[in-house]
Amino acid sequence: MLLSPYAWLLPLLCLIGPAYSVNILAIFPHHGLSHFMNVKPYLLELARRGHNLTVISFFPLKPEERPAGSNYHDVSLDGCMQLYNNNVSFARFEDKGFAASLLSPTQLNLAGLYMMADETLAAIFKAPELSRFIRSVLTEGHNFDLAIIETFQMDVFLGLIHRMGVPFISVTTCNLFSWSADRIGQPQNPSYVPTNIDLFGDHMTLIERIKNTISLLTMSVVHPLFFLANDQRMAEAQFGPGLPPLAEIAKNTSLLLANVHFSLNRPRPVVPQMIEVGGLHIAPAKPLPKDLAQFLDASTQGVIYFCMGSLLRGESFPKEKLQAFLSAFSQLPLNVLWKYEGAELPGKPSNVKILPWTPQRDILSHPNIKLFINHGGLLGTTEAVYEGVPLLGIPMFGDQPINMKAVELAGAGVILDYASLSQQTILEGIRTVLKPE
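Heads up, the sequence shown is in our numbering, so the first residue is -6 and it goes up one at a time.
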């Protein structure tokens, strides 16, 4: 029997594997830009690969960012509350008042997180697009196959996921909180796993272990009593009464993508349900704007890049601290690129260039960047470590202290205390990093 001339196609066709696209609901309701920037490349890649995404966030895509086709749909929260991006003054960290002085750093961080969550909860359900979307899902049904939800300081949308009856993936957009680990049974031994809001490493003294244990216990009590209780009330108001406890719904997490990496955040036991994805947001560097590229290329002695993140405004530094930086920079042979939002910087030395916004990822990849002075934010810190740029960190709040502690323990940088900033401490910090003995 003669074979068809096309018979060779049969084994080739058998090698082709099936491919499936799914309808995904992505829920990222925190109003911090850096949190969304951490997952934005991930969401765009899912859309590029053919999945149909509906994304609830404060940051709808711009027309030029939208992937080809129409498979990325925004449910925008923009406009329902004031965003703090590039709009926080250092005055918030100067005088915390008598009441705040009685609280530990852990208690202050938790109080700040709770107030932020409460403010956001009161605002987001007034967003017209979200209200229409929820009403449609609850009354008309849906065709979602999977949900991806941020685990940070709000779990209210777990109620919606329960009503929808779909599996879900949890994503941390900052370092791992204890309540995020709890949902998948991730071990948190306080003798060597630091909480993410204290300045401890994985080699703690006895006193540090005791403090770390107290911090972990505090979070274990405060989160269900305040955060979850508030979320539960709002979830039942928005998605209907009779919901199971949100803490129980959270335990149905199919997978936790954690924005940590053992190279920076130190090795720890990891359950199979958790995948470390630190650096997920790092894309290949793009060409710099012409004037910025010329400045960096011409800085043959090297450049110090100074940026305190997407929230804090450089121009809001107290006068004495601002002058301390200017005096310190004027004594350096290196140039300085400073993210500074003011139109002018009185007394600016000739070796300092100011810009109101900077393409941080692309700047850090330039070979003439010798040092990054920052606030210890996880995204910028990860980018610097990825590019091999040493850090001088001035942690202010949240997980910034532990991020910088990890950098310091890895020998990749030094921590400066904001309260004691002076010309001398700044110069000592710079020289310690650039000229280690």
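Even for Gly, the Cβ is constructed at its ideal location relative to N, Cα and C.
Beta-bridge partners of residue i, as assigned by DSSP
| i | result |
| --- | --- |
| V48 | A19 and D67 |
| F161 | A140 |
| E57 | Per DSSP, none; premise fails for E57. |
| K332 | L348 |
| L248 | I162 |
| F365 | Y298 and L384 |
| M227 | DSSP lists no partner for M227. |
| I268 | L250 |
Helix, strand or coil at residue i according to DSSP, with G and I counted as helix
| i | result |
| --- | --- |
| G152 | helix |
| S323 | helix |
| L114 | helix |
| K428 | coil |
| A140 | strand |
| A93 | Any reading at A93 must be qualified, since the residue scores a pLDDT of 46, below 50, and its modelled position is unreliable; no value is offered. |
| Y298 | strand |
| E376 | helix |
| K119 | coil |
| I419 | helix |
| M389 | coil |
| L384 | strand |
| G406 | strand |
| F220 | helix |
| A399 | helix |
Cβ-Cβ distance between residue i and residue j below 9 Å
| i | j | result |
| --- | --- | --- |
| V407 | V382 | no |
| V296 | L305 | no |
| L221 | E229 | no |
| Y298 | L338 | no |
| P22 | F150 | yes |
| G434 | G302 | Nothing about residue 434 can be reported from this structure: the residues present for the chain run from -6 to 430 only. |
| L123 | L76 | no |
| H155 | I20 | no |
| D355 | K279 | yes |
| S292 | L325 | no |
| L348 | N367 | no |
| N168 | N182 | no |
Span separating the alpha-carbon of residue i from that of residue j
| i | j | result |
| --- | --- | --- |
| T132 | H44 | 24 Å |
| A115 | D148 | 14 Å |
| P4 | V48 | 41 Å |
| I207 | D111 | 24 Å |
| L108 | P160 | Position check: residue 108 holds Met in this sequence, whereas Leu was assumed. Taking the straight line joining both Cα atoms gives about 30 Å. |
| P60 | L37 | 7 Å |
| E380 | H216 | 36 Å |
| L186 | E57 | Looking at the sequence provided, one finds Val at residue 186 rather than Leu. Going from the Cα of V186 to the Cα of E57 covers about 42 Å. |
| L257 | G194 | 11 Å |
| A240 | P282 | 47 Å |
| M74 | V32 | 22 Å |
| N16 | T246 | 18 Å |
| S14 | S163 | 20 Å |
| F91 | G105 | Bear in mind that a pLDDT of 39 at F91, under 50, signals an unreliable position, so the model cannot answer this. |
| P352 | L285 | 10 Å |
| F255 | P180 | 15 Å |
| L371 | A403 | 15 Å |
| V400 | L192 | 11 Å |
| T166 | L249 | 11 Å |
| H135 | R41 | 22 Å |
| I203 | S184 | 8 Å |
| L414 | K398 | 18 Å |
| I275 | Y35 | 10 Å |
Any C-beta of chain C under 9 Å from that of residue i
| i | result |
| --- | --- |
| N258 | As a matter of chain content, chain C is missing from the structure shown, which is built from one protein chain. |
Any non-hydrogen atom of the ligand ZN closer than 8 Å to residue i Cβ
| i | result |
| --- | --- |
| Q316 | Here there are no bound small molecules, and the ligand ZN is not part of this structure. |
**Q.** the region 332 to 348 in contact with the region 383 to 393 per 3-pair CB rule at 8 Å
**A.** no
Q. For the region 169 to 186 against the region 67 to 75, are there 3 or more C-beta pairs whose distance is under 8 Å?
A. no
Q: Please confirm if the region 410 to 426 is in contact with the region 314 to 331, defined as three or more CB-CB distances below 8 Å between the two stretches.
A: yes
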